[in-house]
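So the structure is just underneath, and the comments pick up after that.
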Amino acid sequence: MLKQDQRAESFTDFVQQAGHRIQHALVAGFGTEVGVDAAAEALAYGWEHWDRIRSMGNPPGYVYSVGRDRARRMKRARVVVGATPVLFEAPWVEPRLGSALDNLSERQRLAVVLVHGAEWTISEVADLLEINRGSVKRHLERGMEKLRRSIGGER
């Protein structure tokens, strides 16, 4: 077991290296509000259990899976009352993209958004989801094909 100062420093390093990536993945999979909340809860869980988690083979993947489970529960329990206010001027996006992304499987949506939207590598997505690169490529290909069929566009 680490001393308290070492434990805090170790966890701080983890959050600086992986925290934003975990949040990006959860936002990509579950939307901004649920994703941000789930990431915060997952990181809080990570801190509470850091002595055990830090020695795992893939701490970011484990903390992501905690966040994913929390997000799924939140998504089932949440009732949307109104639109989220726009805090910045966003670039133009195909109006049908949101509903088209909603029609993808969770892994297809994560692969598409993280690779094409957040510029992650196939390896980074595979590490986070704890699946092999070939599976990420298949999810990406299938997701992009479904988007093309749904929205229309060139192959």
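At position 83 of the sequence shown the residue is numbered 480 (the working numbering), and the sequence of numbers has no breaks. Note that beta-carbon positions come from the ideal geometry of N, C-alpha and C, so glycine has one too.
The count of Cβ pairs closer than 8 angstroms, one atom from the stretch 434-452 and one from the stretch 402-412, reaches three, so the stretches are in contact. The DSSP-derived three-state label of THR518 is coil.
Around GLN505, the same chain offers HIS536, LEU537, ARG539, GLY540 and LYS543 as residues with beta carbons nearer than 8 angstroms, after the five sequence neighbours per side are excluded.
Segment contact: the stretch 415-426 against the stretch 436-444, three or more CB-CB distances shorter than 8 angstroms; contact assigned. The beta carbon of SER502 sits closer than 7 angstroms to no other beta carbon from its chain once the five residues preceding and following it are set aside. Going by DSSP, ARG451 is part of no alpha helix (DSSP H) at all; its letter is neither H nor E.
A direct Cα-Cα distance of roughly 32 angstroms separates PRO457 from GLU491. Secondary structure of GLU542 (DSSP, three-state): helix. Cβ neighbours of ARG493 within its own chain (closer than 6 angstroms, five residues either side excluded): ILE548. Selection ASN529, ASP499 and VAL533 evaluated against VAL512 yields VAL533 as nearest (Cα-Cα).
Just so you know, the alpha carbons of GLU527 and THR518 end up roughly 14 angstroms apart. In the DSSP assignment, GLN414 falls outside any alpha helix (DSSP H) and carries neither an H nor an E.
In summary, GLY428 is buried, with 16 or more beta-carbon neighbours lying within 10 Å of its beta-carbon over all protein chains present. Where LEU440 is concerned, the enclosing alpha helix (DSSP H) starts and stops at 429-445. For THR409, the closest alpha carbon among the candidates GLY426, TRP444, ALA435 and ALA425 is that of TRP444.
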